[in-house]
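Asker: Residue numbers (our numbering): -4 to 417. Ideal placement from N, C-alpha and C gives every residue a C-beta, glycine not left out.
1. In the DSSP assignment, find the alpha helix (DSSP H) that holds residue 352 and state where it starts and stops.
2. Please report the Cβ distance between residue 205 and residue 225, rounded to the nearest whole angstrom; I am assuming they are in contact, meaning their Cβ atoms lie under 8 Å.
3. Judging by CA-CA distance, which residue of 351, 222, 276 and 233 is the nearest neighbour of residue 322?
4. Please go through the same chain and pick out, in chain order, the residues whose beta-carbon is closer than 6 Å to the beta-carbon of residue 158, but skip the five residues on each side of it.
5. Can you give the beta carbon distance from residue 58 to residue 408, rounded, assuming they're within the 8 Å contact cut?
6. Considering Cα atoms alone, identify which of 142, 183 and 255 is closest to residue 401.
7. Compute the distance between the beta-carbons of residue 197 and residue 136, then report whether it is under 8 Å.
8. Figure out for me which residue from 67, 116, 63 and 82 has the closest Cα to the Cα of residue 173.
9. If you draw a straight line from the C-alpha of residue -4 to the C-alpha of residue 75, how long is it?
10. Just mark residue 86 as buried or exposed, buried being the case when its beta carbon has 16 or more other beta carbons within 10 Å.
11. Can you tell me the Cα-Cα spacing of residue 366 and residue 300, whole angstroms?
12. How long is the line joining the alpha carbons of residue 270 and residue 208, rounded to whole angstroms?
13. From the DSSP output, read off the bridge partner residues of residue 22.
14. If you drop the 5 nearest sequence neighbours on each side, which residues of the same chain put their C-beta closer than 7 Å to that of residue 245?
15. Is residue 263 helix, strand or coil when you go by DSSP?
16. For residue 403, is the classification buried or exposed, using 16 other Cβ atoms within 10 angstroms of its Cβ as the cut-off for buried?
17. Going residue by residue through the region 251 to 330, where are the continuous beta strand (DSSP E) segments of at least 3 residues, counting only ones entirely within it?
18. Going by beta carbon distance, what residues of the same chain come within less than 6 Å of residue 211, once the five residues before and after it are set aside?
19. Out of curiosity, what's the CA-to-CA distance linking residue 21 and residue 335?
20. Report the option in 109, 182 and 107 whose CA atom is closest to the CA atom of residue 265.
21. Where does the unbroken beta strand (DSSP E) through residue 44 begin, and where does it stop?
22. On the three-pair Cβ rule with 8 Å, is the region 120 to 135 touching the region 382 to 393?
23. Using DSSP with H/G/I as helix, E/B as strand and the rest coil, what is residue 229?
24. If you drop the 5 nearest sequence neighbours on each side, which residues of the same chain put their C-beta closer than 7 Å to that of residue 415?
25. Report the residue from 359, 333 and 38 whose alpha carbon sits nearest the alpha carbon of residue 388.
26. Can you tell me whether residue 109 is helix, strand or coil according to DSSP?
27. Note down the Cα distance separating residue 72 from residue 98, rounded to an integer number of angstroms.
28. With distances taken Cα to Cα, identify the nearest neighbour of residue 491 among 79, 44, 268 and 184.
29. Quick one: grab the DSSP three-state call for residue 376.
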């Protein structure tokens, strides 16, 4: 069936990203209201990019041409009960999609910590949640519809040649108008927060529930909080679970931020989409005034990675709001940071001061280099292009796909050209 989304006027195309550290350099901004209008716009442009919810912290999406938002296209959710799939407008936010799915008795296997992000943007950058058995959000993609550089409408699915190269496409292969995702039957979770975890118990903690996130501030060797999102029918963790204590009131990952912004804790049962994200859809996600960096390393290297970062903890702590540790299962997508590698993920939420943060990012990357880290494509990183290319077995294949689908560099940006020069 098809459900039409809210009919309120779509917002104007943003001039800055969500964090405010990138002011878009586009010469013009567009918000077409139909696919045909979008196709004509793309066909007649020499340089343009799509912008989603703006939750990117670098300039991959910045262009000196035209910037286009797909939020004006008709919103729709089409649930295929027989196939166990949903086809959704690329500009739709995960939080809005989740509400639709819940009414139909379906769920997504996992969600990111923010429900505010758009489906197409999150997929294009391999954004993820946590859980040893769960891949990133792009792994749920069964099909894509996109407007290519010549204005044609291209539909691809898992049977399409090079599909695995097109899902995590960095917005460089075309403008994604619709995405088909695998769904599962709806389920309930409970969220418990535990305090003061010994590092020696980290592996056991990360594998202890459906989805687990561990937070630290790099000021002490111990890990400050463990957020366990477990099946609602499982018993709560025992009082002495892994030597931790139970939080007796709701918490926010960033100290000083209101816990009212966060999804319910203290073991209160609720549907998947109201527990898997850390933050509620109608509230400010994370802290707002921040930068973010994130690195994916082999799952088996977790203890060694933390030990390596201890050497620069004195640099990290002064510019850090919070650090989150997660796990993501391997996949076959060419530019996924989890390509053929179960991953341990170290995510940094920094203060909103680029000049202060960039030297620390460089120091972190230097310490992580022996582990072949793959940075999140939508966050702040300074990795050398040659080094990054060596960490992806299908990097050259994606470069060839990029040249094939966008021969005139219509979707190219300065940062994209740095990592995929043509």
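Answerer: Reading it off the structure:
1. In the DSSP assignment, residue 352 falls within the unbroken alpha helix (DSSP H) covering 349 to 363.
2. Indeed, because the Cβ distance is near 6 Å, the residues count as touching under 8 Å.
3. Of all alpha-carbon atoms in 351, 222, 276 and 233, the one lying nearest the alpha-carbon of residue 322 is that of 222.
4. Cβ neighbours of residue 158 beyond the five flanking positions: 151.
5. A Cβ-Cβ distance of about 5 Å is found for the pair residue 58 and residue 408, placing them in contact under the 8 Å criterion.
6. Minimum Cα distance to residue 401 is reached at 142.
7. Going by C-beta atoms, residue 197 is not nearer than 8 Å to residue 136.
8. With distances taken between Cα atoms, residue 173 lies closest to 82.
9. Because the pLDDT of residue -4 is 34, which lies under 50, any placement of that residue in the model is unreliable, and the question is left without a value.
10. That one is buried.
11. Their backbone Cα atoms lie some 8 Å apart in a straight line.
12. Computed Cα separation, rounded: 12 Å.
13. Listed as beta-bridge partners of residue 22 by DSSP are no residues whatsoever.
14. In chain order, 254, 257, 260 and 261 place their CB closer than 7 Å to the CB of residue 245, counting only its own chain and leaving out the 5 sequence neighbours on each side.
15. If DSSP states are grouped into helix, strand and coil, residue 263 belongs with coil.
16. Taking a 10 Å sphere around the C-beta of residue 403, we find fewer than 16 other C-beta atoms and assign the residue as exposed.
17. You should have 285 to 293 and 315 to 323.
18. The residues 218, 219 and 318, in chain order, have a CB closer than 6 Å to that of residue 211 in the same chain once the five nearest residues on each side in sequence are set aside.
19. Approximately 36 Å between the Cα atoms of the pair.
20. In terms of Cα proximity to residue 265, the closest of 109, 182 and 107 is 182.
21. Counting along the chain, residue 44 sits inside the beta strand (DSSP E) bounded by residues 43 to 46.
22. When C-beta atoms of the region 120 to 135 are compared with those of the region 382 to 393, fewer than three pairs fall below 8 Å, so the two segments do not count as touching.
23. Coil, per DSSP.
24. The residues are 394 and 397.
25. Residue 388 has its Cα closest to that of 333, out of 359, 333 and 38.
26. Correct three-state label for residue 109: coil.
27. Cα-Cα distance, rounded: 12 Å.
28. The displayed coordinates of the chain run from -4 to 417. Any statement about residue 491 would go beyond what the structure contains.
29. Note: residue 376 maps to coil in three-state DSSP.
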